[in-house]
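Notes follow the structure.
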Amino acid sequence: MHDYTAYGLSIRSHFPVPELPPLETAPAHPDLRLRMGPVDVETGMSGREQTAFRVTDEHLCLRFPDLGAFLIEADRITVDPASGASTEAVRLMLVGSVLGLFLRRRGLLTLHGNAVASRDGAAVFLGASGAGKSTLTAALHRRGFRFMSDDVAALDLSGPVATLRPGLPRLKLWPDAAEALDRPPGGLPRAHPGLDKRIHPVGARVATRARRLLAVYTLEPGRAPSLAPLAPADALVELIRHAHLPRSLRITGDEARHFEQSAALARRIPARRLVRGASFDQLPRLLDLIEDDLRHAARR
Amino acid sequence: MPPAADALSPEDALLLACARTRLSPRAFESIGRLADRQPDWERLIGAAARHGVLPLLREHLGDLDVVPGPVRETLRRLAARIARHNLMLAGVLLDVLELFGREGLPALPYKGPVLAASVYGNLALRPFADLDVLVHPEDAPRARALLTDHGFRFVPEASGLDEAAAIARGREYRFERDPGVLLEVQWRVVSASDGWRKFSLAPLWARLRETTLARRTVAALGPEDRLAVLSLHGAHNQWVRLKWIVDVAEVVRGEAVGWEALFSNAEAWGIRRPVLLGLALARDLLDAPLPPEVRARLDADRTLPRLAAMVRRRLLTEPCDPPPELPLFLLRLRENRREKLFFAARLAFAPTPKDAARLPAPLGFLAPLLRPFRLVVLLVRRLVRAPKKNRR
Numbered sequence: 000m001h002d003y004t005a006y007g008l009s010i011r012s013h014f015p016v017p018e019l020p021p022l023e024t025a026p027a028h029p030d031l032r033l034r035m036g037p038v039d040v041e042t043g044m045s046g047r048e049q050t051a052f053r054v055t056d057e058h059l060c061l062r063f064p065d066l067g068a069f070l071i072e073a074d075r076i077t078v079d080p081a082s083g084a085s086t087e088a089v090r091l092m093l094v095g096s097v098l099g100l101f102l103r104r105r106g107l108l109t110l111h112g113n114a115v116a117s118r119d120g121a122a123v124f125l126g127a128s129g130a131g132k133s134t135l136t137a138a139l140h141r142r143g144f145r146f147m148s149d150d151v152a153a154l155d156l157s158g159p160v161a162t163l164r165p166g167l168p169r170l171k172l173w174p175d176a177a178e179a180l181d182r183p184p185g186g187l188p189r190a191h192p193g194l195d196k197r198i199h200p201v202g203a204r205v206a207t208r209a210r211r212l213l214a215v216y217t218l219e220p221g222r223a224p225s226l227a228p229l230a231p232a233d234a235l236v237e238l239i240r241h242a243h244l245p246r247s248l249r250i251t252g253d254e255a256r257h258f259e260q261s262a263a264l265a266r267r268i269p270a271r272r273l274v275r276g277a278s279f280d281q282l283p284r285l286l287d288l289i290e291d292d293l294r295h296a297a298r299r
Numbered sequence: 000m001p002p003a004a005d006a007l008s009p010e011d012a013l014l015l016a017c018a019r020t021r022l023s024p025r026a027f028e029s030i031g032r033l034a035d036r037q038p039d040w041e042r043l044i045g046a047a048a049r050h051g052v053l054p055l056l057r058e059h060l061g062d063l064d065v066v067p068g069p070v071r072e073t074l075r076r077l078a079a080r081i082a083r084h085n086l087m088l089a090g091v092l093l094d095v096l097e098l099f100g101r102e103g104l105p106a107l108p109y110k111g112p113v114l115a116a117s118v119y120g121n122l123a124l125r126p127f128a129d130l131d132v133l134v135h136p137e138d139a140p141r142a143r144a145l146l147t148d149h150g151f152r153f154v155p156e157a158s159g160l161d162e163a164a165a166i167a168r169g170r171e172y173r174f175e176r177d178p179g180v181l182l183e184v185q186w187r188v189v190s191a192s193d194g195w196r197k198f199s200l201a202p203l204w205a206r207l208r209e210t211t212l213a214r215r216t217v218a219a220l221g222p223e224d225r226l227a228v229l230s231l232h233g234a235h236n237q238w239v240r241l242k243w244i245v246d247v248a249e250v251v252r253g254e255a256v257g258w259e260a261l262f263s264n265a266e267a268w269g270i271r272r273p274v275l276l277g278l279a280l281a282r283d284l285l286d287a288p289l290p291p292e293v294r295a296r297l298d299a300d301r302t303l304p305r306l307a308a309m310v311r312r313r314l315l316t317e318p319c320d321p322p323p324e325l326p327l328f329l330l331r332l333r334e335n336r337r338e339k340l341f342f343a344a345r346l347a348f349a350p351t352p353k354d355a356a357r358l359p360a361p362l363g364f365l366a367p368l369l370r371p372f373r374l375v376v377l378l379v380r381r382l383v384r385a386p387k388k389n390r391r
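Set out below in structure tokens:
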């Protein structure tokens, strides 16, 4: 058995998942069990050619043609790889989209974004693919912020303050961003087959516990770095738009809850529109803006 | 003149009273009185949903004690569903505009989220089923390629026209991304076959303005062009949805309309009467405040009352989309005899995509001949059915 932790969950796996951080002390009752086994993909499946799915109150079943099937239940994920599927590709799907859907079924608000934390709390950066989230995260990490998550930001809104849970200690970077941040990409695994985006281990300064959320930023391209507040109604559009796997919300029946949670978050947490500059040289100015803003948010 | 509340059913009176974003103290009191009469709530909610004004109904009735709790709860639930859908579509629209922006493809979102945000002041208050984005005709193929590369599925038209013919004769490409996410990329507001030969979007592109959607700057129509386009769209559907009239009324109430510019453009485009009709409906049904010179223009057109009566009859009775008398309505909208003749000839001989789809491709050239026969068959069928209906 292998014991891991991610997103505040204790995870016990029947097979090794090196992408997940190991857990030193094995809990008696893990929050999530991972196992290999057959998954019924014949009964009641619907969906497009690329991804077939079945949703019931008890489970969510997904089938990807080249990877295999995943059955997500209340405290268990069963993996049924397709014959000939790359083990690494199956694991990447498991710790990415599939784990994200599991977190959503557990009631967390999952956003497509990156997160870092200062001493005061966490910040989430939302944006379309290619907006520069990972580059910004790497730059903030180099400046002394703790790394929290890449790609999936899992927020717990059940308590009196919104908190962000730490994800996997890895960061996906394009080669030019990696070079600019002194992280040579050579030899590192690719984030997706056919993409030159590489998965970088984060190493030092990784958050290991949930942090109070201070602010949410939407990241956009632009000529010069700037930061402007977003009204709650505008922030709500961004939170809905940048849901993790937004196109699955309706299919899995999570749309209404995502809406309610996003509305609650937009009311409680300041949101900002962050324009990144056109070049890497402008990164320090952008980082200054964010640091100042987070200091203000912490004093609220 | 506004319809007297007594002449309307309690449901229609309340529906019209609620169909606006802001209420005067007098209107607020009037709504309270109408609600206190306990109309048929189910019928009212059904009509509001059909007419696209349910969020406005919720806005004005949702906190009134005289409205029964279960009705308020139904209104809240249905309005929340519309709000979710609108916000989701607004996000998709931003994705599309960013994609087109990155590729240097000019795009104008002219209804849906932009209309809701800039005219209603709230994305959740105006239901929209799909997204409409205008592009230049020459950009339509590139827009189609970009969208299909980015997860949108092209929904082909039944006409089977090739790309050049579709752009020359049609008005839009339709795309679907997920269930409930429909996008129409349009290069015309009305089809070439609808007539309005003088109407062109070229001058409209030259005087675009900017607005914000979720703090993003997006291209938008000025109030005069917005009124012209909304009027043409409403007219082509015989204004069967109240929300289209509310759109016009809200532009009139909330935006600084340059009336001279509006009528000068409308004359040049040959759409004076559709514009006048939109304004007349907004004034008569929803009390839209019009300046005296505009009211004088409305009073001077003797055909308008007949057209407005056709709209009202359809609007406040059974839902029917499209109405059977639509061709007659569209004919009466033309002021110029030549335009009327041209429209009648198009109606009789120009094949619709449906006509073209009835023939195998090699016989497509026969479609103009098939069209008059189809119209005769339709007419005979209607004549045969009418007496039966009357007997019932």
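Which chain is which? The protein sequence lines are A and B, in order. What the first sequence shows, in numbering that gives the first Met the number 0, is residues 0 to 299, in sequence order. What the second sequence shows, in numbering that gives the first Met the number 0, is residues 0 to 391, in sequence order. Every residue gets a Cβ at the ideal spot worked out from N, C-alpha and C, and that includes glycine. As the structure is a prediction and not an experimental result, all values here were calculated from the model.
Helix or strand or just coil, what does DSSP make of Gly-192 (chain B)?
-> In the second sequence, counting from the first residue as 1, residue 192 (chain B) sits at position 193. The residue asked about is misnamed: residue 192 (chain B) is Ser in this sequence, not Gly. Of the three classes helix, strand and coil, the one that applies to Ser-192 (chain B) here is helix, per DSSP.
Would Asp-138 (chain B) be called buried (16 or more neighbouring beta carbons within 10 Å of its own) or exposed?
-> If you number the second sequence from 1, residue 138 (chain B) lands on position 139. Per the 10 Å Cβ criterion, buried.
Strand pairing of Ile-71 (chain A), partner residues [DSSP] | The sequence position of residue 71 (chain A) within the first sequence is 72, counting from 1. For Ile-71 (chain A), which the question treats as bridged, DSSP gives the partners A:Leu-59, A:Ile-76.
Contact set for Arg-391 (chain B): own chain, Cβ-Cβ below 8 Å, skip 5 residues either direction = Here residue 391 (chain B) corresponds to residue number 392 of the second sequence, with the count starting at 1. In this prediction, Arg-391 (chain B) has a pLDDT of 42, which is less than 50 and means its spatial position is unreliable; nothing more can be read from the coordinates.
Go ahead and pull the three-state DSSP assignment for Arg-333 (chain B).
-> Taking the second sequence and counting its residues from 1, the one referred to as residue 333 (chain B) is at position 334. In the structure shown, Arg-333 (chain B) sits in coil (DSSP, three-state: anything other than H, G, I, E or B).
Can a CB atom of chain B be found closer than 7 Å to the CB of Asp-292 (chain A)?
-> Along the first sequence, read from residue 1 onward, the residue named residue 292 (chain A) stands at position 293. Asp-292 (chain A) does not count as touching chain B.
Give the interface partners of Asp-129 (chain B) over in chain A, defined as CB-CB distance under 9 Å, in chain order.
-> Numbered from its first residue, the second sequence carries residue 129 (chain B) at position 130. Within 9 Å Cβ-Cβ: nothing; Asp-129 (chain B) doesn't reach chain A, min ~15 Å.
Closer than 8 Å by beta-carbon distance: list the chain A residues that pair up with Glu-97 (chain B), in chain order.
-> The residue given as residue 97 (chain B) occupies position 98 in the second sequence. Residues of chain A passing the Cβ test: Ala-127.
DSSP state of His-241 (chain A), grouped into three classes?
-> If you number the first sequence from 1, residue 241 (chain A) lands on position 242. The answer is coil: DSSP assigns His-241 (chain A) none of H, G, I, E or B.
Helix, strand or coil: how does DSSP classify Asp-291 (chain A) here?
-> In the first sequence, residue 291 (chain A) corresponds to position 292, counting from 1. Helix at Asp-291 (chain A).
Residues that Ala-255 (chain A) contacts on chain B, provided the C-beta gap is smaller than 7 Å | Against the first sequence, residue 255 (chain A) aligns to sequence position 256. The answer, in chain order, is Arg-83.
Segment limits, beta strand (DSSP E) that includes His-135 (chain B) = In the second sequence, residue 135 (chain B) corresponds to position 136, counting from 1. In the DSSP assignment, His-135 (chain B) falls outside any beta strand (DSSP E), carrying neither H nor E.
Give a yes or no on whether 7 Å exceeds the smallest Cβ distance from Asp-177 (chain B) to chain A.
-> Taking the second sequence and counting its residues from 1, one reaches residue 177 (chain B) at position 178. By this cut-off, Asp-177 (chain B) is an interface position.
So with Cβ pairs under 7 Å, would you call Pro-146 (chain A) a contact of chain B?
-> On the first sequence, residue 146 (chain A) is found 147 positions in, with the first residue counted as 1. Note that residue 146 (chain A) is Phe in the sequence shown here, rather than Pro. No, its Cβ sits nowhere closer than 7 Å to a Cβ of chain B.
Over what stretch of residues does the beta strand (DSSP E) that includes Asn-113 (chain A) continue unbroken?
-> For the purposes of this step, residue 113 (chain A) is taken as the residue at position 114 of the first sequence. 108-116 is the span of the beta strand (DSSP E), which, as asked, contains Asn-113 (chain A).
For Asp-155 (chain A), the residue or residues it bridges with in DSSP | Translated into the one-based positions of the first sequence, residue 155 (chain A) becomes position 156. Paired residues: A:Thr-162.
Three-state secondary structure (DSSP) at His-28 (chain A)?
-> To locate residue 28 (chain A), count along the first sequence from 1; it is residue 29. Of the three classes helix, strand and coil, the one that applies to His-28 (chain A) here is coil, per DSSP.
Report the rounded CA-to-CA distance for Arg-103 (chain A) versus Phe-153 (chain B), giving the unit in angstroms.
-> The residue you call residue 103 (chain A) lines up with position 104 of the first sequence. The residue you call residue 153 (chain B) lines up with position 154 of the second sequence. Each residue's Cα considered, the two are about 31 Å apart.
Using a threshold of 7 Å, state whether the C-beta atoms of Leu-288 (chain A) and Leu-226 (chain A) are closer than that.
-> Translated into the one-based positions of the first sequence, residue 288 (chain A) becomes position 289. Translated into the one-based positions of the first sequence, residue 226 (chain A) becomes position 227. For the 7 Å CB-CB criterion, Leu-288 (chain A) and Leu-226 (chain A) form a contact.
Return the bridge partner residues of Arg-169 (chain A) from the DSSP annotation.
-> In the first sequence, the residue the question calls residue 169 (chain A) occupies position 170. DSSP output for Arg-169 (chain A) lists A:Pro-200 as bridge partner(s).
Starting from the Cα of His-300 (chain A), find the closest Cα among A:Thr-134, A:Leu-248, A:Leu-70 and give me that residue.
-> Within the shown structure, residues of chain A are numbered from 0 to 299, placing residue 300 (chain A) beyond reach of any answer.
Taking C-beta pairs closer than 9 Å, name the residues in chain A that Ala-89 (chain B) reaches, listed in chain order.
-> As a first step, residue 89 (chain B) is located in the second sequence; it is residue number 90 there, counting from the start. The contacting residues are Val-236, Ile-239, Arg-240.
Where the region 203-219 of chain B meets chain A: residues whose CB sits under 7 Å from a CB there = Ala-213, Arg-214
Comparing alpha-carbon positions, which option in A:Thr-24, A:Leu-19, A:Val-274 lies nearest Lys-132 (chain A)?
-> The sequence position of residue 132 (chain A) within the first sequence is 133, counting from 1. Looking at the Cα atoms, A:Val-274 is the closest of the given residues.
Closer than 7 Å, CB to CB, is Asn-389 (chain B) near chain A or not?
-> Translated into the one-based positions of the second sequence, residue 389 (chain B) becomes position 390. Caution applies to Asn-389 (chain B), whose pLDDT of 45 falls short of 50 and renders its modelled position unreliable; the model cannot decide the point.
Is Leu-92 (chain B) close to chain A, meaning its C-beta is less than 7 Å from at least one C-beta of that chain?
-> As a first step, residue 92 (chain B) is located in the second sequence; it is residue number 93 there, counting from the start. No - not a single Cβ of chain A is within 7 Å of the one on Leu-92 (chain B).
Per-residue burial, Ala-344 (chain B) [other beta carbons within 10 Å of its own, 16 or more giving buried] = On the second sequence, residue 344 (chain B) is found 345 positions in, with the first residue counted as 1. So Ala-344 (chain B) ends up on the exposed side.
Could you tell me the boundaries of the beta strand (DSSP E) in which His-13 (chain A) lies?
-> Taking the first sequence and counting its residues from 1, the one referred to as residue 13 (chain A) is at position 14. Run containing His-13 (chain A): none; DSSP gives neither H nor E here.
Count the other C-beta atoms from every protein chain shown that fall within 10 angstroms of the C-beta of Leu-327 (chain B), then say buried if there are 16 or more, exposed otherwise.
-> Here the question's residue 327 (chain B) lines up with position 328 in the second sequence. That one is exposed.
Does any CB atom of chain D fall closer than 7 Å to the CB of Phe-258 (chain A)?
-> The structure shown has no chain D; the protein chains it does contain are A and B.
Go through the region 233-277 of chain A residue by residue and report every complete run of the beta strand (DSSP E) that reaches 3 residues or more, in order.
-> Listed in chain order, the complete beta strand (DSSP E) runs (minimum 3 residues) inside the region 233-277 of chain A are 270-275.
Within the present structure, is the beta-carbon of Ala-296 (chain A) separated from the nearest heavy atom of the ligand NAD by less than 6 Å?
-> Looking at this structure, you won't find the ligand NAD or any other ligand, since it has none at all.
Would Met-147 (chain A) be called buried (16 or more neighbouring beta carbons within 10 Å of its own) or exposed?
-> Your numbering for residue 147 (chain A) matches position 148 in the first sequence. Met-147 (chain A) is buried by the Cβ-count criterion.
Closer than 7 Å to chain A by CB, Leu-86 (chain B) | On the second sequence, position 87 is the one that residue 86 (chain B) refers to. Taking Cβ atoms only, chain A reaches closer than 7 Å to Leu-86 (chain B), which makes this a yes.
Is the beta carbon of Leu-301 (chain A) sitting closer than 7 Å to the one on Ile-76 (chain A)?
-> Outside the displayed span of chain A (0 to 299) sits residue 301 (chain A), for which this structure offers no information.
Quick one: what's got a C-beta closer than 7 Å to Tyr-109 (chain B)'s C-beta in the same chain, skipping five residues either side?
-> As a position in the second sequence, residue 109 (chain B) is number 110, starting the count at 1. If we look at Tyr-109 (chain B) and ignore the five residues flanking it on each side, its Cβ neighbours are Asp-131, Leu-133, Leu-220, Val-228.
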